[in-house]
Every structure is written in C-alpha cells, then in structure tokens.
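Residue numbers (the working numbering): 2 to 706.
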C-alpha cells in the first residue's frame, strides 16, 4: 500500500516592543598638590576700623595649630608655606619663624599681611600649608625676615638669641652693640624667649641710627614684665648727643610712682611727659607703646588702649643721632628690674588701630587656627579629561584634592564617563588613564584593569553611556579604545534598563545608561536586533544522531510517499542572532490538530512511545496501534540544542509533535548566530488508511528583554 503525504510549513514571527523607564559651600582650591595638609588661620579683625597695610602678623604656632600639625609638619619646619586667602599668592617670602622647636611643639610665625578693616572684609585669613617631606631647604632666610617689616620700621628685636648678639629683624641691621643680662633669650617671654635684667647693671645697647627731630613722627613699643617698683628707663634714645637734641623714652616711676611715662624732650631745655592713667602690674606681661606724631602730640598706650596723651612743649629740637637703649639710660643709670620681649621702633606714628591690633596679634589673640585639612591629588590627567568629585561633578580633584574614601567622576568636555571610589592616601599619577565618550559610546580604561588603578577601594566602577534614544546597551570588556566598542567585540554582552545593575538617569541635561558593578571598559547604546533564519537540509545529513533520507526546503517538509514500516527523516537548520540581553526561546507546534487526511476521520498521531514526553525524549519506535487512526501513524521531532530542558543527551531521540508548543531552541543571553537542527520523523503501519495528509508547522521566537 502506498501513501502520499506532505506538510505545508507556516512560520510566525513575533513583533516585540521594549519599554524603558526614565528615573526621574564654598570650597577653596588647593595651592600646590605637593603639600598634603593645611589649616586656615582666621584673623580676628573685629574692631579694626582701618586697613593696616603690610602689618607684621604674628601666628602663635604653639597654640593656634590643629592637633595634627606637629605630627605632619617637617621637623625642621622647611615645608611651611603661608598662602593668602586667594589660595594663590605666596606670602612665605615675607615671613620668618621664631623659636621653632618641633620636639617641643613650639614656634612663632611672622608674616607681612595687610589686615583689612572689619567693614571691608569680615573674613580675613591666610592658609598655612605643610606636609611635604621632599623639601630639603628652608624657605626662610634673613631676606624673608627683613621682608616681613615695611620700610618704616627702624628696628625689631625678638630677643630670642640665647647668647651673643641680639639681631635686628629689619634690613637696617641695627643689631645690639652690647648685651649684659641675667638670662639671654631663654627667659619665659610673652612671645618666645626673653631677656631678664637685674635692675642694677643689666642692659642692651644698639647703635641704631634714628636722627629724629621734633618734627619727625616716631613710635616705640615693647613687652615688659616688671619685677619691682624701682625707677628706670624701659626704652630710650641717646641723651648724650648734645644740647638742643631730641630725647625720648618710655620710663617707669619717673614722675609718678607705679605708673609708666612717655617722655619727649629737648636736651638742655626740659622734658614733656605723659603718664599712664592705669598703674602697671608686677610679674605680669604688659605691652606699652609711646607715639609722637611730629606735630607736638604725644600718646601712651598700655595693652592696646590709650592711657595717656599730651603735648610736647619744649620747642624745636635737633636730631637725636644714633643710639637706642633697652632697660636703662645710656648714662649708666636708671636700670629696670624685670624682663623684656619683642621691641619695635618705627619711623612714623602708629595709629591707635595699629597698636590695638598689634597688642592682640603679638599676644597671640589676633586670630585662631582652624581644623587640619588633608588632601591628596590626581595628577597628570590626559588632555581633554576632567577628574571631578562624583558628589557634585564640579569640584576638580586635580586642584582641590581629596582625602579618605572619595567618589571620583571622569568627564570629557560633553559627557560623563565613569565613577568609582578612591581611597586617597597618596597622590596618584594617572598618565596612562584614557577615557572618552560620544553620543552613544563610552570608554574608560586603565592599563592592567580597574583592580590595578591606584587607590581604588573596590574592583568595580559605574560606566555612564549616553543613551541618545537607544533601547539597549552593549558592553565590551576587552575594549582598549572607543573603536573597540562595537557589536561582535570579544566577550561582549547586552543589557537594558530592566537589568538589576542598570538605571536610566538624566544628569546635567543628558540621559545616560548607568551601569554599576563593572570591571569592563567600554559600552555603547544600541537598538534591539534579532535575526531568525530557517534553512533547508539535504538528504544524507547527520543531525544529532539521525541521518536525513529526504531533503527539506526552508518552508516545507515534503515527506513524499510512505510505505508501511518506512521511517522518513527530514530536518530544518535554525539560526538565531539577537542582542536580547536575556536571550530567547524558539517554540514549535502544529497549528491545527494532527496531520490530517482529506477524509475527516484520517489523521496521524504524535509520537506516543510509552513514557515519552517532550522533556523526556526516547529513541524512535514504529507505531504500535492496531486500529486505523489510533497510533497507527506517529509524528515526532528532535532538537540538537542541549540548552533545552530534557535534551542535554537527546542524540537519536524524539518527542511528540502536536498542537502543544515545545521549545526547540533557547538561550539565556544574547546570541550571535548559534545554529541548531530540528529533525522530524514520520512513520505509519499497515493499519493507517491511505490518504493525502498535511499540516501547518509553526515556529515562534520570543526574545527576552
């Protein structure tokens, strides 16, 4: 008996759509990245009613530094730099140190700085930088010391030398010519070391050239600690220059017991004097200034406050020549018993504002030191890239630096590229860092990979990929340039907004795919794509343990004439190429019931060997039915795709073909052109009626996005 049978093949494709959801202090630059620490010294200019131009600001490092200063500054102090509040102007060449001892955590810094009035600037400060171990020479010298004081200063004596000469800090070099003291430079002073005097024979002499007349303005100031109430000259000009010459001094107990006097007189004629309205204290540091304005007006200040004023009444006086003396009169008399520290004489009249702030500044209350700031930097960033704080995408870490764990963002002129964490414990030079982005592609690369990038605290980073309307994301782990980020890249894979490590955000006006947890280097926005191909298979082809004995076409399985007991085998080759990130499945079924004959009662049944199911395929068996149309003909299929459940060892086995949809091909990720064979078997026995049998076979492909 002969049978004629064929199957007409219909192929169904599914149209799919992908829907994505769009998720809805002032800082100061860092002066130099080689310096890792700084603190802000805020000047207390409250009550300062005028600008104090080129003022010698005193910063007491002993008291006004943060806790970490003495640990992080170089032991020799060579790395100290004073930077103005613009964080650019270096004031160090107008500064000097006094009494430096890192072992004792002591030191005093003097720097020339204009102190503005509180009405002009209520936030006056300087930066103190330190923490650069590579510095091998001091920035401070006699020249920088002299630069600390403006040209009106005649002499400044810190009195911190413990033997020999007491040096003038100004460029006038009015050093001591004779020193005879109980203790030189090592007595406890108001600022640093001080000299102590016995009140009977101790003194300091200088040959300072003054040449003041009664029409010259001048000032002299010092810090005094009196031991008793004996009469003496605290500071004095020469009184041996001849009749008619100007004489001047600060004295104690000369005219009124317990009071300090300021004297301006004319040799051979008389003395004009004013007394403090407040008595001095013994065993206590006090700051006294005498000021003469060159127009017969005299002023006396105690601790920054005017305590006396009066007029010079002795007539025109000639030059007082040379000589300035401390704690005695230069006629070997009028010695003062006590201590002396930090003496200044000035070729002009100090204003009351100047003296008031000098008392605060010299006394260590002219400002306060802030907290220690620690910074390290990213250096040598390639041209065209910015390294920013990822918290705000504006703080430039190449200039402001960072410390501890900090989020870092890489950006070019148009787009954000990547973020990652850096533990800033050193400066990092990233000369090999490359990054780039265009309207759909992002690339971030460090030779050796993210785990070798200096300072990275984790092995992953977040990549920013401009979306530009694209629905999906291609990642290329092995990319070394933008050109390498292309479909087909080595080990590439696809993601979309539904993946757990992907979000879509609009930041700074650009919509991005943000992919976290990456160790790869490049990403590209792409549109969904899928190609599904069905190909014919010739007769004689081995497909998963079976050999075809008839040829197929891409849209038919022409089994031809069948004889009872004759097994016909045909196949299709299926190929899928898709960027669907979660893969796909290809299902197969008969569209309308069984293989149907022209006569309505005639049909061929699905393969029904005992125990067979699609997920439990079995080797082929001839139909076993003994009644027409009841298992007298069987139709089965095999898939070579071992990824399909039940088919990991499906060679030579079959499952039933019916109106129930069965998976013949699947993947859990994007697939680049994988091919499988689906092989069909048809056989009838003698109980099957002769007829013309046909059916419609459907393939369904379902991508997973």
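Don't be surprised by glycine CBs; every beta carbon is placed ideally from N, CA and C.
Find out if the Cβ-Cβ distance for the pair residue i, residue j is shorter than 8 Å.
i	j	result
residue 1	residue 85	Because the chain spans 2 through 706 in this model, residue 1 falls outside it and cannot be assessed.
residue 648	residue 684	no
residue 707	residue 401	Because the chain in this structure spans residues 2 to 706, residue 707 falls outside the shown range and cannot be described.
residue 329	residue 234	yes
residue 196	residue 341	yes
residue 165	residue 209	no
residue 438	residue 582	no
residue 367	residue 44	yes
residue 660	residue 668	no
residue 574	residue 550	no
residue 464	residue 388	no
Using DSSP with H/G/I as helix, E/B as strand and the rest coil, what is residue i?
i	result
residue 207	strand
residue 363	helix
residue 621	coil
residue 146	helix
residue 125	coil
residue 509	coil
residue 684	strand
residue 95	helix
residue 394	coil
residue 599	coil
residue 221	strand
residue 578	strand
residue 672	strand
residue 79	coil
residue 37	coil
residue 301	strand
residue 459	coil
residue 70	helix
residue 231	coil
residue 659	coil
residue 287	strand
Please report how far the alpha carbon of residue i lies from the alpha carbon of residue j, in whole angstroms.
i	j	result
residue 519	residue 462	5 Å
residue 37	residue 307	44 Å
residue 298	residue 143	36 Å
residue 245	residue 261	25 Å
residue 6	residue 480	Residue placement at residue 6 is poorly supported in this model, since its pLDDT is 38, which falls under 50; the coordinates are not used for a value here.
residue 319	residue 214	5 Å
residue 381	residue 79	26 Å
residue 632	residue 528	49 Å
residue 112	residue 385	39 Å
residue 490	residue 466	17 Å
residue 186	residue 392	53 Å
residue 276	residue 95	36 Å
residue 198	residue 56	30 Å
residue 430	residue 397	15 Å
residue 42	residue 170	23 Å
residue 68	residue 373	8 Å
residue 141	residue 365	21 Å
residue 314	residue 212	20 Å
residue 356	residue 304	8 Å
residue 537	residue 572	7 Å
residue 39	residue 410	25 Å
residue 510	residue 468	12 Å
residue 545	residue 601	35 Å
Can you tell me whether residue i is buried or exposed, with buried defined as 16 or more other CB within 10 angstroms of its CB?
i	result
residue 282	exposed
residue 406	exposed
residue 395	exposed
residue 566	exposed
residue 252	buried
residue 711	Nothing in the structure corresponds to residue 711, since the chain is present only between 2 and 706.
residue 657	buried
residue 689	buried
residue 363	buried
residue 592	exposed
Check each candidate in the options and name the one with the smallest Cα separation from residue i.
i	options	result
residue 704	609, 587, 55, 405	587
residue 174	148, 572, 188	148
residue 311	485, 498, 435, 264	264
residue 120	408, 273, 48, 163	48
residue 482	515, 495, 448	448
residue 337	132, 124, 327, 99	327
residue 267	288, 279, 240, 292	240
residue 243	232, 222, 269	269
residue 522	562, 476, 417	476
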